[in-house]
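To keep things clear, I will list the structure first and then write my remarks on it.
Protein chains in written order, with the numbering used here: chain A, 29 to 426; chain B, 18 to 238.
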């Protein structure tokens, strides 16, 4: 170890450049993995925070770009009437109308939900400011009055004043911080003026909520269709059995809520392929750089290798020395890459607060593994060349 | 100490073999100090490389070093003999430039398998460079570098010291100091030395002088 260390210390700039090359590759890999997995896991975690056991999604839908309402209101009855073991099994089918809006400088998924279902979405999270859809509740009551005992109401009978009262948003604290939003602020969505009436602690299913009645009225002519359902069961233990039952009964995908993360990852499979490919190419370039450097070092040190052999160093010792040197560079580079990843996380937290860089232990272990294996692999050929040098020829090398 | 019989060595030169050693016979007793002189290109360095097991002969009838038959040895065996029995001193010193004087000596001692203990210090003291122990070769004069190289070679207490023009790059004062060191190690430790030199004054310090010409070794006196 003495000689490799001394060689590295002797060529400080070269060592630093090589370590930086490895560090950038390793850091890029860790950041890409942490950003993609972190953001998806954060979204999945938020969805899993809803007080329900199952989710009902359109069949073959991509969960990332899902929007619009394809489930008629009859689905609520179909779901809620499902029975297991001869008795009712569903407590509630919670309809959600999904769409996309721009808020806080980026696209946000809007969750249209019934104001009365909000507690199920809040769970243990606090309402940090404002109220839960005061105008939304009034608008819901207004529509119910218009509907009477019919399934539908006449949208023409809804006055602009009544609709205006229902144009409310609730946002999470993270989006509020990013956009600088406060309760009482207003923003234009779907051609209507929406007012922020509540800010909830981050971690709820969506970053933006609106009364589902308002969204249906504006986007769907009041037709009470939905994008998806959360299904709350009487007995959570029956989740898998009920998922099977509903899958057969509905023309829809029924999954355990805990599977939402897997569905997300499945939807992002191609992106993961790209990320892995990009990381792989970046790492390959880094290790080729190390290989080239080690190869150049071997050429430069041919005479030194001859000296070592004259002193009685075995081929294995020479190979070991080259490997050690390369692995020390890569260990240094890996440490730098990990530090770089933490640095990028700090920057992302400030510059892109809605993104989540979740640096997991398994990514760090992967980085260490890739760094060391890459270091060893890229030194193998130069090391082999060095070990095979004829001592006399090496000594006469100019 | 060294017995060589009909040592031949050729190198490939394009599509033909270029003979460098043409049947060298050599007998050197333990504790003898032998100088080899000869014109450039006559095969002196090649002979030293063969005797130092740095390169195998193309053909030979016998090669024994300190009682070991070296002709049948493989790469590992040659490396072991080189490590345990032979020390080298080169014209260009060949110190590892990234290591200090002491670390250069300690590395040689470690390669031999033992902890350096006080041997590196003793070797540096023997060549009068204890004060320079922590200096790297780049911060030593050429005379000092050669003395460190000698310290490195003798620290391992080799049975045989092979020196390839050890004074070739030195001024006369440093050359004289190097030869004095050789004589001292030879006389006090009974070190067997084979030294290649172009310098007749240096050669005069040896017990015996051999001449080499066209790949053949012949006695000079």
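The beta-carbon is built from N, C-alpha and C at its ideal position, and this holds for glycine as well.
The distance from the Cβ of residue 26/B to that of residue 96/B is about 19 angstroms, inconsistent with a contact at the 8 angstroms cut-off. The C-alpha of residue 304/A lies about 11 angstroms from the C-alpha of residue 58/A. Around the C-beta of residue 88/A, fewer than 16 other C-beta atoms lie within 10 Å, and the residue is accordingly described as exposed. Short of 6 angstroms from the beta carbon of residue 108/A, and not among the five residues preceding or following it, lie these beta carbons of its own chain, in chain order: 118, 121. Within chain B, the C-beta atoms nearer than 7 angstroms to that of residue 418/A come from 72, in chain order. Contact annotation for residue 105/B against chain A: 338, 339 [CB-CB distance below 8 angstroms, chain order]. Straight-line measurement puts the Cα of residue 248/A at about 13 angstroms from the Cα of residue 124/A.
The way I'd put it, the stretch 251 to 265 of chain A doesn't touch the stretch 150 to 163 of chain A; fewer than three beta-carbon pairs between them come closer than 8 angstroms. At least 7 angstroms separates the CB of residue 407/A from every CB of chain B.
Taken in chain order, the members of the stretch 87 to 102 of chain B whose beta-carbon sits within less than 8 angstroms of a beta-carbon on chain A are 92, 93, 96, 97, 99, 100, 101.
The stretch 272 to 292 of chain A makes no contact with the stretch 189 to 208 of chain A: fewer than 3 CB pairs, one atom from each, lie closer than 8 angstroms. In this structure, residue 297/A sits away from residue 284/A, with a CB-CB distance that is not shorter than 7 angstroms. Among the residues facing chain A, residue 214/B is not included, as its CB has no counterpart in that chain under 7 angstroms away. An exposed status is given to residue 188/A, since fewer than 16 other beta-carbon atoms sit within 10 Å of its beta-carbon. Looking at 234/B, 157/B, 69/B, 46/B, the one whose alpha-carbon comes closest to that of residue 101/B is 69/B. Here residue 106/B is buried. Its C-beta has 16 or more other C-beta atoms within 10 Å. Considering only beta carbons, no part of the stretch 172 to 193 of chain B lies closer than 7 angstroms to chain A. Cβ atoms of residue 126/B and residue 190/B stay farther apart than 8 angstroms, at about 29 angstroms.
For a Cβ distance threshold of 9 angstroms, residue set 92, 93, 96, 97, 100, 128 of chain B lies close to residue 342/A, ordered along the chain. Contact annotation, residue 66/A with residue 384/A: C-beta distance approximately 4 angstroms; criterion of less than 8 angstroms satisfied.
At a Cβ-Cβ threshold of 7 angstroms, residue 119/B and residue 150/B count as neighbours.
Per the coordinates, the alpha-carbon of residue 213/B lies some 25 angstroms from the alpha-carbon of residue 34/B.
Going by DSSP, residue 73/A is part of the alpha helix (DSSP H) stretching over 40 to 76. In the displayed model, residue 184/A falls within a helix according to three-state DSSP. Residue 112/B counts as buried, since at least 16 other C-beta atoms from the protein chains shown sit within 10 angstroms of its C-beta. Within the stretch 307 to 329 of chain A, contact with chain B at the beta-carbon level (separation under 8 angstroms) is assigned to no residue.
Residues are counted here when their Cβ sits less than 7 angstroms from a Cβ of chain A; for the stretch 138 to 164 of chain B the count is zero. Annotation: the continuous beta strand (DSSP E) that includes residue 134/A extends over 134 to 141.
Interface criterion not met: the Cβ of residue 65/B is under 7 angstroms from no Cβ in chain A.
Membership of residue 180/B in the beta strand (DSSP E) is indicated by the continuous run 177 to 181.
Residue 348/A is outside the set of residues whose beta carbon lies under 7 angstroms from a beta carbon in chain B. A Cβ-Cβ separation of about 14 angstroms leaves residue 18/B out of contact with residue 86/B under the 8 angstroms criterion. A distance of 7 angstroms or more separates the beta carbons of residue 229/A and residue 223/A. Below 8 angstroms, too few C-beta pairs join the stretch 37 to 47 of chain A and the stretch 369 to 382 of chain A to call them touching: fewer than three.
In this structure, residue 32/A sits away from residue 314/A, with a CB-CB distance that is not shorter than 7 angstroms. For residue 111/B, the nearest CB of chain A lies under 7 angstroms from its own CB, placing it at the interface with that chain.
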